[in-house]
Structures are given as C-alpha cells and as structure tokens.
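Working notes, beginning with the structure itself.
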DNA sequence: CTGAAAGCGCTTACAG
DNA sequence: CTGAAAGCGCTTACAG
C-alpha cells in the first residue's frame, strides 16, 4: 500500500479511502490511485485490514458433507449470497459433533464475522466456544430448540408427516420407513417421528423402521426393502429419508420386477434432480437447500453489519407428488 | 494472548511458543499456559499470526460447481487433506473465466498459502495476477499445456479415446457424442477430441456430436438422443461426457422402450455413484476426483512448506465396463 | 529455555 | 477532503 501511496503522491490514508470509502476522496485523486494500484498489481491485504478493523468479511460454514445435493445446494446459496456482498466463504466439512468441534476451533481462530452450522446437535464445548466468541451463528436445516442464536430451515417433522398422510390417503396400509440414525441427531429423528405420527394417527403399524449404516448410499434403499419385507410381507409402501435411498430402491425393484407403485409405492425426501427423471418419477418432499444457504448468509450479514435479523427463518417445504406413490 | 500471559505469569513469547513450538518450552510451563488458555477460552488469533508470519495456513480453491459429484469429491479430498495438516479451505464457486477472475481478486486479498484452480482456461489477467502473487497454484482436472505452475489430473483425451475404442470393439458403428462445450474450454474439448480420434482411426463418422446447454442436467441425454437420431437413424451407441447425461438418457430409453444396450449402447464419464446402480448398470470412465483434491492439497503444502513438488501429477483413470455397452 | 523490541499492513479516530 | 499517530494481536530475530 505504501508503494501505491508513494507512486500516486498521496498518503496511506488516501489509498485506503480510495478502496474502502470512495465517496470520501475526490474522484480525480481516486482515479489516479486506482490506476497506479492496477499498474503495480496491488491487491489490498485484507488480513491486515481484518486485524485493524476487527471485521474479516469472511463467513465460515460447517457442513456434514457436500456429496449430497442438499448441502451442496446450501453451500452454493451461501457462496452466491456472500460473493454478492463482498464476503468470502471459509468451508469446513465435519460429519460428527467431534469433528465439528475441531473445525470450529480452527475456524474461530480466523475470526469470521459469522458461522453457519448444520443442525442443532453439537457438543457442549462447541456451544460454549460459540457463545464466548459472541458472533452471529445460524444453525441450518433445523428450526427446533435448542437454538444457539439463529436458525434457518423448515419443519422437518411436518414435511415427513405430510408425506405419511399422503401415502395413507392413497390407501397404503403397510408402510415402512428407510432412514438413517446417527446418535441423537435431531435432524434425522424429527423426520422419522413426524412420519410415525401420521401412521399412529391412522392406527397403522409404525415400527416398520429400517436404519441404513450410511446416509448417502444407494444401497440404503435396497437393504431396507429386504429387511422390511421380512418383517411385514404385506409391505405396500416405503418412505425414504432421502431421494438417494428411494432411487436405489427403485433400481432394485426394477431388477426384481417389482412394479412401482403397483406392487410397492415409494416416496423420497429432498427432491434431488434425479427425482424428476427416474422411472417412475419419484414423489418426494421438496426441501429448499439453496434458499437455506441464501437466508443463512443474509441473517449472518444483517447481524454482522448491525441490522436486525430474525431469530428463526422458515424456508418452507412442499410435497411433490409424481408417479411413484 | 496478553491475558493468558499475565494469568500464567509468563511473557507473550512463551504463550506463543507453547502453542506453536511445543518443544521449545518446558513441559510444566507449557501445561500451565495451556490450562490457563483453556480456562479463559482463549483461541489464538490466526489473523494476527498470519500478518506477523506471512503464512496464513489457508488454501483457496475455485471450482466451477459443487453440484456435480466430481468436484464435490475434489473439494472433499482437499478439505480432508488440508484439515489433517492444520490448514483451512477458502472456497469460491465460479463457473466462467470472468467469475474466476473476480473470485481470484477477492481470495488473493486473503493471502492464502496456495490456490487450487479448475482447468486451464483462464483470463490473461487471472494468470498475470497469479504470477505476480507468486504463490503455489495447482490447476486441477487437466494436465495439458499451458500450465501456470503445477497441474493435477489425468489425460482427459486418453480416457475418452479408450471408451471410444471399447465401443468400436463391441461392434457399434454409428456412435454419437453427447457433450457440453462452453467457449474454449479445454477440459470439455479434450474429451470430445479424444473420442473423435478413436472414431476417425476406425474410419467411422465422427460428426455425430450434440452439445447440451447445461453441464449438469439429466435433460442433456434426452435431447442428445433426439438430435442424434435425426441425423443418423442407424445410431447404435452414445458416449456421454458425464454420467448425469448418461443416466438421463437411460431413463429416456426406458420411457421409450428402447432397450439398452441391445437397441442403443450408452457409456458415461465420471463413475458417479449412480453408475453402479442404475438399470442397466452404466459403463463409464472412472475419474479420481477425490484423489485429485488430495494430491492438489499435497502439492500446494509441499511447496508452501519449502519442499519439492512435481510440476505435474497424474492420478490416472480407468474404464469401468458394466452392462450398458 | 525465556523475554523485550520491532514490525507485519492495514484502519480508526482525530486534527488540520 | 487529506494526513500523521497509534494500535490491532501476533511472530521474528535476537539478546540474556
């Protein structure tokens, strides 16, 4: 910066102002400074700027995975919104509360202006660390208590409940659930509970539950079919906690010549791209992952820049009924 | 930090050393310092550390998209390797050379210790900026010239060529190509050229080429089928530049009762998870996206930490022959 | 092994 | 509108 100041014949302050408060410096002076800076290939050092100003213009996000279109969409929404507002994204991938804590420690040392977490299942130390840091934090993909600071998501249970009601209304009576259940994770639990609530209200069996080992594999659907049929030969529908399970299940039905939905109805969760294309097209719950990312970024920045922001933001969900159920 | 130093009755230096050069401070002193730090909830300010030391322990990556399992895998490989070595990932998503440049300007201000780019199609200003910054940069998913600094990838053309040879060996004679072709992008061009080379060598028509508007949509396959059949009614095989196109094509064939591979053979590129599951299972080119991310991180860190690193690193590729061709 | 000094490249708050 | 001073929280290089 001092090179630029010297070459342009102005003080450091004027260079700083030329970049950061265009209004405050004379148009001529500013143009000259910018020209010199461009010529010299000067890129302002935002590390020094951060240290001096206490504002990093960086938002950190910790997601469990990006090989799953839901979170990939959220990261995309975050990235787009942050870039628009001149912020950068510091990304950490952590799929357990323990890894989340260590990502948090690493990331906090970078003094981000805010943090986006996934879900509300955290280690107590993580929560303590966050409170002490005192920065805006949004928990995404969940809306229920406890909330550390702000939450952006939708009612996971209601969405699953709605799909349960739909299947029941279509006349299915022996309905299984293919899910995934890491310990104490409310994001997964709420879906299952919402779905079971629909079954219970209708007086149906709600214990046809299968939990896959992995969240992301197509195999989840296949294994669920095997396991659930063993328990209930009259099984006539399966609700999958993700579209990937549902797709795996459909592929398996094709191989076994089980007709969908005639012999077995299938419903998914997520409305991934494949849902609209697979044969038969998949009924699913549309979740707004991109909007979650956008809204999370907006809430963080509003707060970081001293504006008001809601504690909770519901992006909603929607049933998308297609051919599979 | 000064709070910690005071509370522990030592100098700033000792606190710094306790965190950064454990060997240099007495075990007792170090334990006391760490205990005090933990009690106070002290998280070292790495922004100040970066400014003072000139090393940020941050690596930036610019990818065109993450809603495509290839790059998602690369980001995962990058993230895992960086986290293991105590580095953070600054991620930018930019899908055109223009956006790449503006991401670059933003990211360079953060003084990363290295940068990972995708492909070798850049604006001249981007290259100039990078050269001036003088930090380690790796271009990923490409190996061909020109290389700015280092490259990690595999021979895109050879992989496509191999698949072309395979289809020809299987007896297909009217083979189409379903691709995507943003202006001047060598990553896409190399695949197409490699494939066409196989056709030309075999004396087959190499102009059955269809370019989709979008890289990521399932619709690409469907549109290709329509367009290519119009041009060549005897069309007996289609090579898709991504598995997503191939899957979309298979779904469309199911709808139209076109048997795969009997009526039409299909091959993909990428070996996404779906390839092994779809009916029929998809023949494809396995690309090692995760390894690309790992290797890119390794090369950057080796150089950033003063070690030698190769200019070019080939992760290889592999033909995975399944049922669809 | 431990510590006092200088400096990293900016911004803040103030004076001119 | 422009500028000289102080300081952000660390690390470097050196002396003790």
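Chains as they are written, first to last, in full-length UniProt numbering: chain A, 1 to 325; chain B, 1 to 325.
Where is the CB? At the ideal position from N, CA and C, for every residue including glycine.
Please read these numbers as outputs of a predicted model, since none were measured by experiment.
CB contact flag (residue i, residue j, <8 Å)
{"i": "residue 317 of chain A", "j": "residue 286 of chain A", "result": "yes"}
{"i": "residue 235 of chain B", "j": "residue 208 of chain B", "result": "yes"}
{"i": "residue 219 of chain B", "j": "residue 248 of chain B", "result": "yes"}
{"i": "residue 189 of chain A", "j": "residue 267 of chain A", "result": "no"}
{"i": "residue 246 of chain A", "j": "residue 221 of chain A", "result": "yes"}
{"i": "residue 320 of chain A", "j": "residue 271 of chain A", "result": "yes"}
{"i": "residue 150 of chain B", "j": "residue 312 of chain B", "result": "yes"}
{"i": "residue 250 of chain B", "j": "residue 278 of chain B", "result": "yes"}
{"i": "residue 296 of chain A", "j": "residue 138 of chain A", "result": "yes"}
{"i": "residue 72 of chain B", "j": "residue 72 of chain A", "result": "yes"}
Per-residue DSSP class, three states only, for residue i
{"i": "residue 65 of chain A", "result": "coil"}
{"i": "residue 53 of chain B", "result": "helix"}
{"i": "residue 34 of chain B", "result": "helix"}
{"i": "residue 88 of chain B", "result": "strand"}
{"i": "residue 283 of chain B", "result": "strand"}
{"i": "residue 81 of chain A", "result": "helix"}
{"i": "residue 122 of chain A", "result": "coil"}
{"i": "residue 269 of chain A", "result": "coil"}
{"i": "residue 42 of chain B", "result": "coil"}
{"i": "residue 14 of chain A", "result": "helix"}
{"i": "residue 324 of chain B", "result": "coil"}
{"i": "residue 263 of chain B", "result": "coil"}
{"i": "residue 23 of chain B", "result": "helix"}
{"i": "residue 93 of chain A", "result": "strand"}
{"i": "residue 211 of chain B", "result": "strand"}
{"i": "residue 226 of chain A", "result": "helix"}
Nearest candidate by alpha-carbon position, reference residue i, set the options
{"i": "residue 9 of chain B", "options": "B/181, B/28 and B/24", "result": "B/28"}
{"i": "residue 283 of chain B", "options": "B/136, B/206 and B/260", "result": "B/260"}
{"i": "residue 185 of chain B", "options": "B/321, B/64, B/238 and B/167", "result": "B/64"}
{"i": "residue 176 of chain B", "options": "B/145, B/230 and B/150", "result": "B/230"}
{"i": "residue 128 of chain A", "options": "B/40, B/187 and B/202", "result": "B/40"}
{"i": "residue 143 of chain A", "options": "A/224, A/187 and A/300", "result": "A/187"}
{"i": "residue 170 of chain A", "options": "A/18, A/264 and A/43", "result": "A/264"}
{"i": "residue 54 of chain B", "options": "B/25, B/82, B/133 and B/92", "result": "B/133"}
{"i": "residue 212 of chain A", "options": "A/81, A/202, A/254 and A/228", "result": "A/228"}
{"i": "residue 118 of chain A", "options": "A/258, A/66, A/30 and A/226", "result": "A/66"}
{"i": "residue 122 of chain A", "options": "A/97, A/116 and A/146", "result": "A/97"}
{"i": "residue 322 of chain B", "options": "B/274, B/23 and B/83", "result": "B/274"}
Cβ-based neighbour list, residue i, same chain, cut-off 6 Å, excluding 5 preceding and 5 following
{"i": "residue 94 of chain B", "result": "62, 100 and 103"}
{"i": "residue 237 of chain B", "result": "167, 172, 175 and 265"}
{"i": "residue 309 of chain A", "result": "299, 302 and 303"}
{"i": "residue 232 of chain A", "result": "174 and 208"}
{"i": "residue 88 of chain A", "result": "58"}
{"i": "residue 81 of chain A", "result": "294 and 297"}
{"i": "residue 7 of chain A", "result": "36"}
Proximal residues to residue i (C-beta, below 8 Å), its chain only, five neighbours per side dropped
{"i": "residue 191 of chain B", "result": "156, 157, 159, 160, 179, 241 and 269"}
{"i": "residue 90 of chain B", "result": "58, 59, 60, 61, 107, 110 and 112"}
{"i": "residue 131 of chain A", "result": "148"}
{"i": "residue 68 of chain B", "result": "215, 216, 242 and 244"}
{"i": "residue 86 of chain B", "result": "57"}
{"i": "residue 25 of chain B", "result": "14, 17, 18 and 33"}
{"i": "residue 307 of chain A", "result": "none"}
Residues near residue i in its chain [Cβ-Cβ closer than 7 Å; skip 5 each side]
{"i": "residue 196 of chain A", "result": "206"}
{"i": "residue 292 of chain A", "result": "74, 77, 140, 141, 152, 153 and 315"}
{"i": "residue 304 of chain B", "result": "113, 114 and 136"}
{"i": "residue 202 of chain A", "result": "168"}
{"i": "residue 23 of chain B", "result": "none"}
{"i": "residue 165 of chain A", "result": "198"}
{"i": "residue 125 of chain B", "result": "101"}
{"i": "residue 21 of chain B", "result": "none"}
{"i": "residue 145 of chain B", "result": "none"}
Cβ-Cβ separation, residue j to residue i (assumed contact under 8 Å), whole Å
{"i": "residue 47 of chain A", "j": "residue 4 of chain A", "result": "About 17 Å; that fails the 8 Å criterion."}
{"i": "residue 224 of chain B", "j": "residue 210 of chain B", "result": "4 Å"}
{"i": "residue 1 of chain B", "j": "residue 44 of chain B", "result": "7 Å"}
{"i": "residue 324 of chain B", "j": "residue 255 of chain B", "result": "Not confirmed; about 16 Å, so no contact."}
{"i": "residue 289 of chain B", "j": "residue 70 of chain B", "result": "5 Å"}
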